[in-house]
Amino acid sequence: MRQRVTFVHPPEAAIDPDAITVKSHSLSAPDLSSAVREDRFTLGPADIPAVPAEILDRYQELHIRWAGADSYQTLEPFSSRVPPGLHVFFTPLQDPEVDTKTPSTADIPGLCKFVSSMFGSLNCSNPESFVQLPTERFPSSPAFQYYEPLESLETFSNYIKSYLCGPADTACENIDSVQDVSSLDISYDSISRSVKVTALSPLNKQPVSITAPSKGDHHRTEVGILTPGAPPNMKEGDIGMSGLLTVLKESKKPSPVLFSFPSRHKESKTHFSAKFLAPTGLHPTWQLKFSSSNSPLSDAACSPHAYLTLPRSVFADRYQLADELFVQSKNISSLRFMSSPVDLEQPEYTTLSWGSTVLLELAPPTDGRDSEWTAEIPLHLRYLKPSASGYTTLQVPYPAVFWACNANEGMAFSTNPFDRTNLGYDSMFDPRTVFWHMSPEPAPGTLVLTSKITVPVLKMESSKWVELGTALAVGAGFLWVLWCLFAGVSAGKKAAAKAAKKDEKKA
């Protein structure tokens, strides 16, 4: 197993290298007053426990992405974002005798049970819970996607303790801190047969105390304490870092480093907020407000996009978004992608799919002035179950919003040690695209990156009267139809009898 711990801090939060204490299996230093921390564990085939390994062998790739709903700040190179919640992407192994391109043959129940064991009970056992992605259109995209608005990583913390931590494993003493991370990635691919687990702690005060397992020579632990830097040979558009690197059990003291790399994810100076315009009703409008209309690059083609992850209770109408005149009035350029199928009439409580994803290209003002601007996204609510109050509150996760810019031909993002892919939207762009992420701001009075909407539904106490009234109406309608049929038959018989009498008189 390989473990990499990286602290990235602003220049003003640096610590004295002489204050860092390196022992055979540990590193400690004074707390960093402000830093982002990334923990990455790479498990080879021999490190993966038997039960997860047996399940993972069924898949060509599996990517799990989780983001917390709490607002947080970060630093480059950790700028990428996904909508809050749990995202699962996977592609089954290709079997020439079985059509594994359909959810029913991709062992959905087995995958659902596996993911539920890590994150808690999920509503994903039905094959139709997953959304199929168009791999023909986006070759680098996984085949299927699932989403759940998961708020906590408590179950995952317990899972790690059960499968990866021994009773005397000092490296697992602080495993409960995983519940405080802002994002978590788990990736597996059948080529390397390795699992990568990456957790990101947001910009905050960070204690510096790392301990490697005392047993086992196969465990390698690297610790980096880095800050932005600029090496002499740094290329335009690269991110430069400088700082100290220590390999526990090998280094007696930290070694200075200075390097640079291209990055597909960067931080835009623009920030945005999201809210539903009042009155909402059953067809709410989701407004995105941006602090700036300026593109992050003046010498490259860039366009802003919003990647929406909509739970099954909310959906967008692809036909409405295909109306060019309508969307232009909302500062939307075009609908780039919408997962399918999306049934426009089905109630929420009978919908099997988890929901839908939508990628919109936005249209900022083109008057040349830097100013605030808004985009309005028309959405629709499904019929929801009755409640005691007559209202239901929904939480819709903030979208991931970014500028997508063309990169130089020679960009080699794979050389970035912090590269992050398989986020849902990145596979829908050219592999050389650079994403400049806009920072989300929570609504006033809150600290969460979700938009709340209160929906009118049928009251519980009124539902019985509605059911009774419906039954009476159906019964009355049925009786009326029977009466009409009977009256028609009777009238026909009388007419036939009169005609027969007339015929007898003539005879």
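Using my numbering, you'd call the opening residue of the sequence shown number 1311 and step up by one each time.
Here a beta-carbon is modelled for each residue, glycine too, at the ideal position from N, C-alpha and C.
Quantities reported herein were computed from a predicted structural model and do not represent experimental measurements.
CB contact flag (residue i, residue j, <8 Å)
{"i": "I1496", "j": "V1507", "result": "yes"}
{"i": "R1391", "j": "H1615", "result": "no"}
{"i": "P1564", "j": "L1558", "result": "no"}
{"i": "P1766", "j": "G1700", "result": "yes"}
{"i": "P1387", "j": "I1535", "result": "no"}
{"i": "S1643", "j": "L1618", "result": "no"}
{"i": "Q1313", "j": "P1512", "result": "no"}
{"i": "W1376", "j": "L1568", "result": "no"}
{"i": "S1663", "j": "S1500", "result": "no"}
{"i": "M1738", "j": "F1448", "result": "yes"}
{"i": "S1666", "j": "V1332", "result": "no"}
{"i": "P1402", "j": "A1453", "result": "yes"}
{"i": "T1465", "j": "F1429", "result": "yes"}
{"i": "P1688", "j": "Q1597", "result": "no"}
{"i": "F1710", "j": "T1743", "result": "According to the sequence provided, residue 1710 is Ala. The question's Phe does not apply to it. No."}
{"i": "W1683", "j": "N1732", "result": "no"}
{"i": "A1632", "j": "C1715", "result": "no"}
{"i": "V1505", "j": "Y1498", "result": "yes"}
{"i": "A1626", "j": "V1668", "result": "yes"}
{"i": "D1680", "j": "S1603", "result": "yes"}
{"i": "L1759", "j": "A1379", "result": "yes"}
{"i": "P1538", "j": "P1707", "result": "no"}
N- and C-terminal bounds of the alpha helix (DSSP H) containing residue i
{"i": "G1420", "result": "I1418 to F1429"}
{"i": "V1637", "result": "E1634 to Q1638"}
{"i": "L1631", "result": "R1628 to L1631"}
{"i": "S1439", "result": "It is not in any alpha helix (DSSP H) - S1439 carries neither H nor E in the DSSP assignment."}
{"i": "K1471", "result": "E1464 to Y1473"}
Secondary structure of residue i, DSSP reduced to three states
{"i": "R1646", "result": "strand"}
{"i": "E1658", "result": "helix"}
{"i": "P1741", "result": "coil"}
{"i": "P1538", "result": "strand"}
{"i": "L1555", "result": "strand"}
{"i": "D1328", "result": "helix"}
{"i": "V1273", "result": "Given that the chain is displayed from residue 1311 to residue 1817, the structure contains no residue 1273 and the question cannot be resolved."}
{"i": "S1344", "result": "strand"}
{"i": "D1357", "result": "coil"}
{"i": "P1754", "result": "coil"}
{"i": "V1784", "result": "helix"}
{"i": "P1651", "result": "coil"}
{"i": "E1446", "result": "coil"}
{"i": "A1698", "result": "coil"}
Enclosing beta strand (DSSP E) for residue i [first to last residue]
{"i": "A1363", "result": "Unbroken run through A1363 is the alpha helix (DSSP H), A1360 to L1366; no beta strand (DSSP E)."}
{"i": "V1765", "result": "T1760 to P1766"}
{"i": "V1491", "result": "First-last for V1491: undefined, no H or E at that position."}
{"i": "A1717", "result": "No beta strand (DSSP E) contains A1717, which DSSP labels as neither H nor E."}
{"i": "Q1313", "result": "R1312 to V1318"}
{"i": "S1681", "result": "Element bounds for S1681: n/a, residue is neither H nor E."}
{"i": "Y1456", "result": "F1454 to E1458"}
{"i": "K1506", "result": "S1504 to T1521"}
{"i": "E1371", "result": "Y1369 to A1377"}
{"i": "F1745", "result": "V1744 to P1750"}
{"i": "V1706", "result": "Y1701 to P1707"}
{"i": "V1668", "result": "G1665 to L1672"}
{"i": "S1397", "result": "First, the residue type needs correcting, since residue 1397 is His and not Ser in the sequence shown. Segment G1395 to P1402, the beta strand (DSSP E) holding H1397."}
Residue i classed as buried or exposed, judged by whether at least 16 other C-beta atoms fall within 10 angstroms
{"i": "K1576", "result": "buried"}
{"i": "Q1516", "result": "buried"}
{"i": "H1593", "result": "exposed"}
{"i": "Q1638", "result": "exposed"}
{"i": "V1318", "result": "buried"}
{"i": "P1340", "result": "exposed"}
{"i": "G1785", "result": "exposed"}
{"i": "V1791", "result": "exposed"}
{"i": "I1365", "result": "buried"}
{"i": "S1492", "result": "buried"}
{"i": "C1794", "result": "exposed"}
{"i": "Y1659", "result": "exposed"}
{"i": "F1586", "result": "buried"}
{"i": "N1393", "result": "The question names Asn, but residue 1393 in the sequence shown is Pro. With 16 or more other Cβ atoms within 10 Å, it is buried."}
{"i": "F1636", "result": "exposed"}
{"i": "Q1455", "result": "buried"}
{"i": "P1674", "result": "buried"}
{"i": "S1650", "result": "exposed"}
{"i": "H1528", "result": "exposed"}
{"i": "T1342", "result": "It is Leu, not Thr, that sits at residue 1342 in the sequence shown. The residue in question, L1342, is buried, as its Cβ has 16 or more Cβ neighbours within 10 Å."}
{"i": "S1334", "result": "exposed"}
{"i": "S1623", "result": "buried"}
{"i": "S1820", "result": "The structure shown does not extend to residue 1820, since the chain spans only 1311 to 1817, so no value can be given for it."}
{"i": "S1450", "result": "exposed"}
Would you list, in sequence order, the uninterrupted alpha helix (DSSP H) runs of no fewer than 4 residues that lie entirely inside the region 1557-1642? Segments of the alpha helix (DSSP H) lying fully in the region 1557-1642: 1628-1631 and 1634-1638.
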